[in-house]
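Below: one structure, written as structure tokens.
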Amino acid sequence: MSNGLRKRVGGEETGRTSPPYRIHTSPSGVRLTYEDEKLIPPPPPAHTPGSLSPRIRKFVSKHEKKISKVKNVVKAKRFWFSVGILLGFILPSFLIAPKVLHVAGVTETDLMDDFLRQSLIPFISERIPLDNNNALPRPGKMLADEGARAKHPVFLIPGFVTTGLELWQGEECAKKYFRQRMWGSTTMVQNFLTDRDCWARHLRLNTDNGMDPSGVKLRAASGFESADFLIGNYWVWSRIIMNLADVGYDSSKMEMFSYDWRLSPDKLEERDGYFTKLKAAIEIAVTSTGEKAQLLSHSMGTNHMFYFLQWVTRKVNVGGGGGGASWVEKYIAGHISIAGPLLGTPKAMTAILSGEMRDTAEVSPFEPMLERFFGKDTRRALFSTWGSIWTLMSKGGNKIWGDGAIVSFTDGVDEERGLSVNEMLAKFGTKSERSTEEFINLLEEWGGGHGVNYSKTIGISFDQFGSSLAKQKSNWHNPMTTPLPKAASFTHYCLYGVGIDTEFAYYYKKNPNADIEQNLPYILDTSVNEPEEKVRYGVKIGDGDATVPLVSLGYMCRGGWKAKNGKEGGKLNPSKSKVFTREYPNEGSIGSDLSDPFRQGPKAADHVDIMGNIEMIEDIVKIITGWKGGVKEDRVTSDIDNIVRELQEKNRELIN
């Protein structure tokens with residue numbers, strides 16, 4: 001029955017009809033006849049496994065596996081080769097000669113819509129294999145066989161962009177998508193490719209208040225289905241859910257607490273009451289089970305849970321949840337962070353400045369195509385409205401990220417004078433190099449093109465240090481200014497991947513089209529390639545999980561929440577809550593699993609594929625069930641401890 005996990009047993013129409021044959025049994029075996037009673041001859045005699053010698057059985061089994069693997073390779077290659085040919089013929093028609101598509105009143109949108117709905121999307125969806133967890137090692141099943149059982153109620157908190165967003169109210173161009181996903185489904189792909197402007201208008205937020213635009217209402221999907229898969233069979237949480245199910249978890253003791261990942265934490269509570277609902281759900285679960293809850297978050301979900309732990313203990317009159325200082329100690333066993341960018345990520349800042357990051361820079365040969373479909377200025381205009389991206393900007397300032405340049409200009413500098421964009425943007429380009437703090441100051445003043453007050457509108461502050469800052473609601477997202485809650489029994493786990501090239505600095509140039517794209521003064525200089533300096537397409541590379549740099553993933557667990565003696569404590573961990581770090585070196589590669597061609601295998605450690613990492617899943621199941629004491633030791637393979645030591649030696653203020 002394992003193949004039917006979380007599938008409906010009743011209430012579905014199968015659509016099957018009676019077979020056109022009849023089954024006859026007799027002492028000689030089973031025989032089939034078609035409706036016309038014509039007898040189907042029996043198959044020729046075959047060797048049964050028991051009739052072969054052990055040596056031959058071993059030989060046959062070994063070579064059948066090889067043959068099966070070769071067949072899978074051939075099937076996979078044929079499929080993707082066919083898709084490539086199909087796209088090669090179809091897409092140029094839309095990209096290069098759109099005017100041809102308007103003949104006889106047939107529009108580009110009509111043809112693309114029909115093509116996607118009737119041909120391409122069904123073709124690909126039917127052929128991408130379902131996520132077959134049963135073919136992989138199952139840590140949950142292994143631990144269940146040893147005796148591990150469900151214990152703590154679990155709340156799953158998704159990360160950035162991995163929750164589906166459904167349309168509840170929209171413009172005329174999107175009304176046909178009512179209660180369908182404008183993000184996180186093949187419907188999204190269809191809408192994006194047929195009417196990009198319509199799609200983008202619905203995904204943007206109102207820059208006056210950081211919430212819904214007038215007449216548009218997108219809301220997060222709910223339940224496990226909201227984030228177990230993103231588009232089609234692209235899994236995110238499904239493997240963790242299945243392994244937790246192996247030890248006895250189900251919807252009565254485990255809940256996916258999805259949210260609209262575009263909103264800043266403050267606006268998420270103001271519009272949706274997200275943290276109020278989470279607080280109530282945790283209290284009910286703990287009361288009914290008698291066990292404290294475990295928070296399990298991925299990516300930006302970690303930042304939101306850090307905010308929640310501050311919000312829930314603060315008084316209502318200062319914008320908190322009113323739980324009191326002892327609430328976390330009473331209700332929360334711990335927080336497990338998967339790939340959590342606790343100190344932000346530089347790519348969030350470049351997304352706001354120019355709509356670019358390493359992901360877009362490295363498609364340089366295809367940039368004209370990307371620009372036609374989803375240009376830099378369009379991306380910037382969209383990304384910069386999302387309050388969540390502002391919360392992901394680098395935290396800790398130059399003391400954490402260094403005094404060196406996060407942005408270097410390759411085409412000289414301007415004098416400090418007003419340019420066509422505005423004086424402040426012009427001033428940013430008067431030095432050949434700008435530090436993290438200078439970059440943050442620019443974005444805070446500029447507001448991503450939305451004005452100086454936008455960061456204040458979404459309730460985010462970028463102050464770096466100071467004991468009084470923790471009292472300010474706008475700093476509750478920042479672990480460098482706000483301590484862990486007072487809860488001695490609370491345990492925080494940092495689980496993340498390492499050993500993957502990750503962006504952390506950039507080379508920019510003045511936008512040659514700045515007179516037209518007035519909110520896009522600078523763009524990445526993708527011509528800069530310096531292999532010896534680890535610079536590719538204008539992006540400088542370091543260690544991390546391909547999305548979040550190592551210092552953001554590991555600093556708090558290895559240094560920020562520890563005292564001078566290396567043990568838990570200090571001003572940012574006043575109750576000396578236990579902190580553990582588990583690093584997973586990347587051992588994955590695209591194509592290593594032909595049944596899952598887009599993913600990197602069961603030991604991948606990149607920002608998303610780590611959700612299927614079997615070593616990490618085993619750790620998670622042990623922690624949540626408490627099996628054999630859970631996980632009570634660190635696993636560090638990177639250079640994070642040296643990084644922490646160097647930063648603290650250079651900046652005494654960082655030492656607790």
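Going by full-length UniProt numbering, the first residue of the sequence shown is number 1, and it counts up by one from there.
Just so it is clear, CB atoms sit at the ideal spot from N, CA and C, and this is done for glycine as well.
- Under the 10 Å beta carbon count, GLU618 is surrounded by 16 or more other beta carbons and is classified as buried.
- For the set GLY320, PHE383 and GLY248, the Cα lying nearest the Cα of LYS347 is the one of PHE383.
- Between HIS477 and ILE460, the CB-CB gap stays under 8 Å.
- In the three-state reduction of the DSSP assignment, ALA333 falls in the strand class, which pools E and B.
- A Cβ-Cβ separation of about 6 Å places ILE610 in contact with ALA339 under the 8 Å criterion.
- Rounded to the nearest angstrom, the gap between the Cα atoms of LEU136 and VAL247 is 17 Å.
- Under the 10 Å beta carbon count, GLU530 is surrounded by fewer than 16 other beta carbons and is classified as exposed.
- Shown here, ASP545 sits in a strand according to DSSP, grouped into three states.
- Taken through DSSP and simplified to helix, strand or coil, MET211 comes out as coil.
- For GLU568, there is no enclosing alpha helix (DSSP H), as DSSP marks it with neither H nor E.
- The segment 326 to 340 makes contact with the segment 480 to 492: 3 or more CB pairs, one atom from each, lie closer than 8 Å.
- Between the segment 620 to 640 and the segment 493 to 504, the count of C-beta pairs closer than 8 Å reaches three or more; the two stretches touch.
- In this structure, ASP250 keeps its C-beta atom at 8 Å or more from the C-beta atom of TRP237.
- The beta carbons of TYR259 and ALA220 sit about 5 Å from each other, so the pair counts as a contact at 8 Å.
- Per DSSP, ALA505 is not a residue of any alpha helix (DSSP H); the beta strand (DSSP E) it occupies stretches across 500 to 510.
- Take the alpha-carbon of GLY588 and the one of GLY320: they are about 42 Å apart.
- In the structure shown, GLY320 adopts coil according to DSSP, grouped into three states.
- About 19 Å separates the beta carbon of ALA546 from that of THR581, a gap too long to meet the 8 Å contact definition.
- TRP168 and GLU445 have their C-alpha atoms some 34 Å from each other.
- If you ignore the 5 residues before and after LYS292, its C-beta comes within less than 7 Å of the C-beta of HIS152, VAL286, TYR331, ILE332 and ALA333, all in its own chain and listed in chain order.
- For SER408, the enclosing beta strand (DSSP E) stretches over residues 407 to 409.
- Straight-line spacing of the CA atoms in ALA605 and GLU356 works out to 24 Å.
- In the DSSP assignment, PHE306 falls within the unbroken alpha helix (DSSP H) covering 300 to 311.
- ASP197 is classed as exposed because its beta carbon has fewer than 16 other beta carbons within 10 Å across all chains shown.
- According to the DSSP secondary-structure assignment, TYR493 is paired through a beta bridge with ILE336 and PHE580.
- For LEU443, the uninterrupted alpha helix (DSSP H) segment begins and ends at 436 to 446.
- In this structure LYS628 is exposed. Its beta-carbon is surrounded by fewer than 16 other beta-carbon atoms within 10 angstroms.
- Annotation for MET182: the continuous beta strand (DSSP E) segment containing it runs 181 to 183.
- Boundaries for GLU532: no alpha helix (DSSP H) harbours it, and the DSSP string shows neither H nor E there.
- Beta-bridge partners of GLU166 (DSSP): ARG181 and ARG219.
- Cα atoms of GLU568 and ARG201: separation of roughly 47 Å, rounded to the nearest angstrom.
- Around THR289, the same chain offers PRO153 and LYS253 as residues with beta carbons nearer than 7 Å, after the five sequence neighbours per side are excluded.
- Under the three-state reduction of DSSP, ALA514 is assigned to coil, being neither helix nor strand.
- At least 8 Å separates the beta-carbon of LEU572 from that of PRO512.
- Here PRO585 is bridged, per DSSP, to VAL498.
- Contact between THR385 and LEU205 holds, with the beta-carbon distance rounding to 4 Å and staying under 8 Å.
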